[in-house]
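J.: Mind having a look at this structure? Questions to follow.
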Amino acid sequence: MHFFDSHHCLMSSVAPLVLFVTVATLSPGGATALATASGARFGFVRSLPLILGIALALALMAAVAAVGLGELLLRVPALQTVVKALGSVYLLWLAWRVIQSGAPHRKDGAQRPATMLNGLVLLALNPKSWAMTVSAAATFALLASSPQRLGLLLATVFGLAACVSLSLWCALGVVLAKWLRTDRQWRAFNIAMGLLLAGSIALTWT
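Going by the working numbering, the first residue of the sequence shown is number 1, and it counts up by one from there.
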C-alpha cells in the first residue's frame, strides 16, 4: 500500500509539470510551423530527424536550466541580444527555404528536409525556449532532491512532450498535403508556412 501511495503522490506532483510542458510545446511557433511544412512536403518519416533534433535540443536546454546555467543567458542582456539576432537570421533563412519550395513533385526549392542539426540550432538560438525551460526549472524545483535529478526529470518530460506535439503538427502537414493538388495551392501553402515561421521572430523580441 505504501508503494502505491507514494506512486500516486509522485504522479500528482508531476502532473502540473506535465500540463505546463504539454501546453508550452503544443503552442504554435517557429518549430511547429517548420514541422508542419516538413510533414506536408517530405512526409512524416523523412521529417523525423527534424522532430528529434528539436526535442533533443529542448531536453538538453531543460537539463541545463535545471543546474542554473540557462539563467546566465537571461541575466546578460548583451548575450541575449546576440542570441536573438543569430536566431532571427537563422529563422529567416529557414523561412526563405520553405517559401522557395514548390510542390513535392517539382525539382525547385528544397529537395531535402531539415536535419536534426537544423532542429538543434533552431531551439538553441531561441531565447523564448530558454525562458520557458528556466521558468520550469524554477517553478518545479521542489520535485527533485538535487539539480541533477531535476535536470533528468525536466529533460525527460520536455523531450517526450516535444516529440509528441511536433509529431502531431507534422501529421497535420501530411493531412494538409492531401488537399494540395496544384502548384498554385502548394505555393500558397509554402508562403503561409514561411511567413508563420518568419513571424515567430517577433515573439523572440517581445
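For glycine and all other residues, C-beta sits at the position ideal for the given N, C-alpha and C.
All values reported here derive from a predicted model rather than from experimental measurement.
1) So, helix, strand or coil for Trp93, using DSSP?
2) Would you decide whether Ala95 is buried or exposed? Buried here means 16 or more other CB atoms lie within 10 Å of its CB.
3) Is Gln148 near the ligand COA, with its Cβ less than 7 Å from a heavy atom?
4) Would you check if the distance between the CB atom of Thr36 and the CB atom of Trp179 is smaller than 8 Å?
5) Quick test of your reading: Met116 and Leu50, contact by CB under 8 Å. State the CB separation rounded to the nearest angstrom.
6) Taking Cβ positions, are Leu176 and Ala40 nearer each other than 8 Å?
7) For Leu17 and Ala144, I'd like the C-alpha separation in whole angstroms.
8) Would you say Ala162 and Ala65 are within 8 Å of each other, going by their C-beta atoms?
9) Who are the Cβ neighbours of Ser6 in its own chain at under 6 Å, not counting the five residues just before and after it?
10) Between Trp186 and the rest of its own chain, which residues show a CB-CB distance below 7 Å, the 5 nearest in sequence each way excluded?
11) When DSSP labels each residue in this structure, what does Thr133 get in the three-state scheme?
T.: Reading off the structure:
1) helix
2) buried
3) Judged by which ligands are present, the structure shown has none, so any question about the ligand COA falls away.
4) no
5) 7 Å
6) yes
7) 12 Å
8) no
9) Only weak support exists for where Ser6 lies, its pLDDT of 41 falling under 50; the coordinates are left without a value.
10) Gly102, Ala103 and Leu180
11) helix
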